[in-house]
Every structure is written in C-alpha cells, then in structure tokens.
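Going by the working numbering, the first residue of the sequence shown is number 46, and it counts up by one from there. For each residue, glycine too, the CB sits at the ideal point set by N, CA and C. This structure is a prediction, so every number in the text was calculated from the model and none was measured. Let me begin by presenting the structure, written as structure tokens, before commenting on it.
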Amino acid sequence: MFNNIGVSGLVIILLIALVVFGPAKLPQLGRAFGDTLREFRNSTKGIVDVEEDEKEEPKRIQ
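Rendered as structure tokens:
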C-alpha cells in the first residue's frame, strides 16, 4: 500500500498534517487511522480465510 513512499515522503506528509490539523489533533488522528487500518486488515483476513475454507481438496484419480 505504502511501499513506494520513502522517508522524505513520510516527513512531508507529517508536516502537512501538522499544519492542517495542529499538534493537539495529531495523536487522535493517528489512533483513528491505526484503528481503521487494523479493522480493515481483520476484515480482509476473514474474507481470505473463508475463501480458503471453501476450496475443495483435489480429488485423486485412480
């Protein structure tokens, strides 16, 4: 997802967020982003687990 963002890109994003939201709101925004990302990952993991459970085992030909 964020594979091609380097350290300089992260610093620029952090500075823009600091200017836009202010230093008091940054911890709240970071926490909300982390919770949202965790929920998204858990949801997608559940979908992948269900798909793997639905796969049939290959039948052996005799």
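Inter-residue spacing [alpha-carbon to alpha-carbon] between residue i and residue j
i, j, result
"PRO72", "ILE92", "30 angstroms"
"ALA69", "GLY54", "22 angstroms"
"ALA62", "ILE50", "16 angstroms"
"ARG83", "ARG105", "40 angstroms"
"ALA77", "THR89", "18 angstroms"
Where residue i sits in the DSSP three-state scheme
i, result
"PRO68", "coil"
"ILE106", "coil"
"ASN87", "helix"
"ILE61", "helix"
"ILE92", "helix"
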